[in-house]
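Reading through the structure tokens given below for one structure.
There are 2 protein chains.
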Amino acid sequence: MPVTLKDVAQKLDLSITTVSRALAGYSDVAAATRQRVLSTAEEMGYVPNVTARHLRQQRTDTIGFIIPSEGPRFSDPFFNELMAGLGNEAAAHEFDVLVSIHVPGVEEEAAYRRMVYGRRVDGVVIVRIRHDDWRIRFLQQEAFPFVCFGRSEVPGDYPYIGVDGTLGMYLLTRHFIESGHQRIAYIAAPPHFFFATDRKAGFRQALAEAGIPLEKELEILGDLTQQGGYLAMKELLSRFPSADTKPTAIAACNDLMALGAMAAIQDAGLDVGEDIAVGGFDDIPPAAHSHPPLTTVRQPIYQIGAQVMRTLVQLVQHEPLAQRHIVLEPELVIRKSG
Amino acid sequence: MPVTLKDVAQKLDLSITTVSRALAGYSDVAAATRQRVLSTAEEMGYVPNVTARHLRQQRTDTIGFIIPSEGPRFSDPFFNELMAGLGNEAAAHEFDVLVSIHVPGVEEEAAYRRMVYGRRVDGVVIVRIRHDDWRIRFLQQEAFPFVCFGRSEVPGDYPYIGVDGTLGMYLLTRHFIESGHQRIAYIAAPPHFFFATDRKAGFRQALAEAGIPLEKELEILGDLTQQGGYLAMKELLSRFPSADTKPTAIAACNDLMALGAMAAIQDAGLDVGEDIAVGGFDDIPPAAHSHPPLTTVRQPIYQIGAQVMRTLVQLVQHEPLAQRHIVLEPELVIRKSG
DNA sequence: AAGCCTTTCCAAAACGTTTTGGACTGGCCT
DNA sequence: AGGCCAGTCCAAAACGTTTTGGAAAGGCTT
Numbered sequence: 003m004p005v006t007l008k009d010v011a012q013k014l015d016l017s018i019t020t021v022s023r024a025l026a027g028y029s030d031v032a033a034a035t036r037q038r039v040l041s042t043a044e045e046m047g048y049v050p051n052v053t054a055r056h057l058r059q060q061r062t063d064t065i066g067f068i069i070p071s072e073g074p075r076f077s078d079p080f081f082n083e084l085m086a087g088l089g090n091e092a093a094a095h096e097f098d099v100l101v102s103i104h105v106p107g108v109e110e111e112a113a114y115r116r117m118v119y120g121r122r123v124d125g126v127v128i129v130r131i132r133h134d135d136w137r138i139r140f141l142q143q144e145a146f147p148f149v150c151f152g153r154s155e156v157p158g159d160y161p162y163i164g165v166d167g168t169l170g171m172y173l174l175t176r177h178f179i180e181s182g183h184q185r186i187a188y189i190a191a192p193p194h195f196f197f198a199t200d201r202k203a204g205f206r207q208a209l210a211e212a213g214i215p216l217e218k219e220l221e222i223l224g225d226l227t228q229q230g231g232y233l234a235m236k237e238l239l240s241r242f243p244s245a246d247t248k249p250t251a252i253a254a255c256n257d258l259m260a261l262g263a264m265a266a267i268q269d270a271g272l273d274v275g276e277d278i279a280v281g282g283f284d285d286i287p288p289a290a291h292s293h294p295p296l297t298t299v300r301q302p303i304y305q306i307g308a309q310v311m312r313t314l315v316q317l318v319q320h321e322p323l324a325q326r327h328i329v330l331e332p333e334l335v336i337r338k339s340g
Numbered sequence: 003m004p005v006t007l008k009d010v011a012q013k014l015d016l017s018i019t020t021v022s023r024a025l026a027g028y029s030d031v032a033a034a035t036r037q038r039v040l041s042t043a044e045e046m047g048y049v050p051n052v053t054a055r056h057l058r059q060q061r062t063d064t065i066g067f068i069i070p071s072e073g074p075r076f077s078d079p080f081f082n083e084l085m086a087g088l089g090n091e092a093a094a095h096e097f098d099v100l101v102s103i104h105v106p107g108v109e110e111e112a113a114y115r116r117m118v119y120g121r122r123v124d125g126v127v128i129v130r131i132r133h134d135d136w137r138i139r140f141l142q143q144e145a146f147p148f149v150c151f152g153r154s155e156v157p158g159d160y161p162y163i164g165v166d167g168t169l170g171m172y173l174l175t176r177h178f179i180e181s182g183h184q185r186i187a188y189i190a191a192p193p194h195f196f197f198a199t200d201r202k203a204g205f206r207q208a209l210a211e212a213g214i215p216l217e218k219e220l221e222i223l224g225d226l227t228q229q230g231g232y233l234a235m236k237e238l239l240s241r242f243p244s245a246d247t248k249p250t251a252i253a254a255c256n257d258l259m260a261l262g263a264m265a266a267i268q269d270a271g272l273d274v275g276e277d278i279a280v281g282g283f284d285d286i287p288p289a290a291h292s293h294p295p296l297t298t299v300r301q302p303i304y305q306i307g308a309q310v311m312r313t314l315v316q317l318v319q320h321e322p323l324a325q326r327h328i329v330l331e332p333e334l335v336i337r338k339s340g
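So the protein sequences, as listed, match chains Y and X. Position in the first sequence (first residue = 1) + 2 = this note's numbering. Position in the second sequence (first residue = 1) + 2 = this note's numbering.
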């Protein structure tokens, strides 16, 4: 049975009010009394009931994070890294993170409604922004605090933090071109994601700039998973069996698919980095440890996560934001894969 | 401004009690009234205030999960997979998961105290059990519901779910021996973890059984990270520069270190699976996708996570547990690395 | 007509906290 | 002496819900 304010007050023969205010450090309680309260509370093992405090203060010091998983068994280092950034930064502000995992759809929507209408959390972070994302519309309409990881074209002045995907993919593709590659394939992401179009634009831009004609057959869709990248690469290899039409470089929309593509290339008896160059996007931790290490466009996921959380905390505490929109410049990290 | 019970009651000219009971489906409200309440509540967009409900019911339908990170920038597929199992199962029971990330130490302790004394959550799951784990002592003493992923030797009858690490590591080592290996190295985990001793015992048991003398120099400590495995392997290679003393097989206490070891071997110009066999423990998702794919002891992390959550939910709902202790048999997964 | 169920509803308490709006001292100044 | 102020303290309200322990009304039985 946890100790309550009432217990401490009774023991000290004081009112609940005074105990509460002493603990909160108000100046209208005598120094001697405060000392008595502090030591007795400590000694009795008093810890405030967080739920009661939340109810009274009408805020929860909690941020919601609903992870959109692609399937029932999500496992993605990207979210791992992001979660670390969000979680650590939240802890630094004495905020908690309430996590739910849902496949996009009705269940996901219900989860958002419970969090928002149930006043379960003070704000939410949303990731993997979709085109015409209903979550943004919903949260804007409810005037509920949120911060996006990634840009979106839903109208409105809401805060987001992301990297310039077009620039990133442009840099990677140009790197391939400068290395002498002419036949460059692209493993795309499902087009309902904003970053899918964003990044693909960079790929095409680099090709156009170099005067390389766009070949639709060299663009293939993946589902962002490692398995998806593997399958996409297999398909690419079977589309171009002859040595002189085979792509010599692969740009994947994310690292996970790039790693899958590498596996497919190696399974085909080819040498990654030698026969076919591979590049990804994100720079998730496994990218540096793959064999060969993956060339990729670095997106500082951990730092972005921390920044997203920082912004969100400021938002729910009604502090002014320095910037509502942050678009970082991604950095090309050249490793052995291409 | 969210709609409350009071708002609905006023609109219908009913008492708060009746509205509450109608929504909860009690039989002491007339069918006609219930209908009116249901439709008006729906139409007004009423969603119960979760915090108030929690305060009144003295439970939160939330489970706490404090991730012990090894460093400031934790990133471990193991936790990713576990989180997925916990999260999905929690969602299935309409429970939420409150996540905190802390390096073991005072901060971690404070986080547990806040969760437990602050009645922030109904139960906690604890992982990476330490020898003489204070968390278990603390939670037992406070009679706070918890379930462990992994066994421990702290006395008491608390529920845990884990795999037989000794058996697992025994199977892996015996596999190496049966494949003709005589010089087998072991990359150990920090000894304060229960599973560190558990698994190491299996390694030694297999050696003893085969009459292979234990050589201390072949056992080396790693910190469970990929980087740690890499460094440990480098050290092993420099300890045994000559070809006839060099270990021909490496058993690592977890997959992450095994993957690191593979990288070190490949950096030394050696062939994993050919020159040196490598095996791990866990079967995290990247293990199947490494090059070569990693031989490992499979621990169904996702399913264990789900089972832990299921047990915990039963516990906080005072349902009888079928089994308080579950020790699963791990399965050896032989791939190309060894 | 009195008593007794059933049915339907509700006032009030409770959960543990924070905050509002005083109340009660003494001491100091006129 | 009266007024005023600073320094301490506290009762009560409020947050939004669930639950307890009836109350009122009507119908049925005797």
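Don't be surprised by glycine CBs; every beta carbon is placed ideally from N, CA and C.
I'd like to check one pair, residue j with residue i: are the Cβ atoms closer than 8 Å?
i      : j      : result
I278/Y : I306/Y : no
A190/Y : A203/Y : no
S154/X : I131/X : yes
T297/X : L258/X : no
V129/Y : P332/Y : no
E357/Y : M311/Y : Outside the displayed span of chain Y (3 to 340) sits residue 357/Y, for which this structure offers no information.
A254/Y : G281/Y : yes
V318/Y : G120/X : no
G47/Y  : V5/Y   : yes
L223/X : P249/X : no
L7/Y   : V39/Y  : no
P161/X : H327/X : yes
L220/Y : A270/Y : no
S77/X  : A86/Y  : yes
A266/Y : M235/Y : yes
R201/Y : G170/Y : yes
P346/Y : R337/Y : Given that chain Y is displayed from residue 3 to residue 340, the structure contains no residue 346/Y and the question cannot be resolved.
V149/Y : L314/Y : yes
F80/Y  : I69/Y  : no
Could you pull the DSSP bridge partners for residue i from this structure?
i      : result
S102/Y : I68/Y
Y162/Y : C150/Y and H327/Y
Does DSSP put residue i in a helix, in a strand, or in coil?
i      : result
F197/Y : helix
V2/X   : No answer is possible for residue 2/X: it lies beyond the span of chain X, which begins at 3 and ends at 340.
E333/Y : strand
F80/Y  : helix
E221/Y : strand
H177/Y : helix
I252/X : strand
A187/X : strand
M3/Y   : coil
Q244/X : The sequence shown places Ser at residue 244/X, rather than the Gln named in the question. Three-state result, S244/X: coil.
K13/X  : helix
L226/Y : coil
H95/X  : coil
R61/X  : coil
A210/Y : helix
R122/X : coil
V156/X : coil
K338/Y : coil
E237/X : helix
A113/Y : helix
G107/Y : coil
G89/X  : helix
A54/Y  : helix
L141/X : helix
Exercise for review: Report the residue ranges of all alpha helix (DSSP H) runs contained in full by the region 255-323 of chain Y; include only those spanning at least 4 residues, in chain order.
Suggested key: 257-269, 287-291 and 303-318
Practice item. Please list the segments of the beta strand (DSSP E) lying wholly inside the region 17-51 of chain Y, counting only runs of 3 or more residues, in order along the chain. Key: Unbroken beta strand (DSSP E) runs of no fewer than 3 residues, entirely contained in the region 17-51 of chain Y, are not found.
Check your understanding: Using 8 Å as the Cβ pair cut-off and three pairs as the minimum, do the region 106-126 of chain Y and the region 107-125 of chain X touch?
Key -> No contact exists between the region 106-126 of chain Y and the region 107-125 of chain X.
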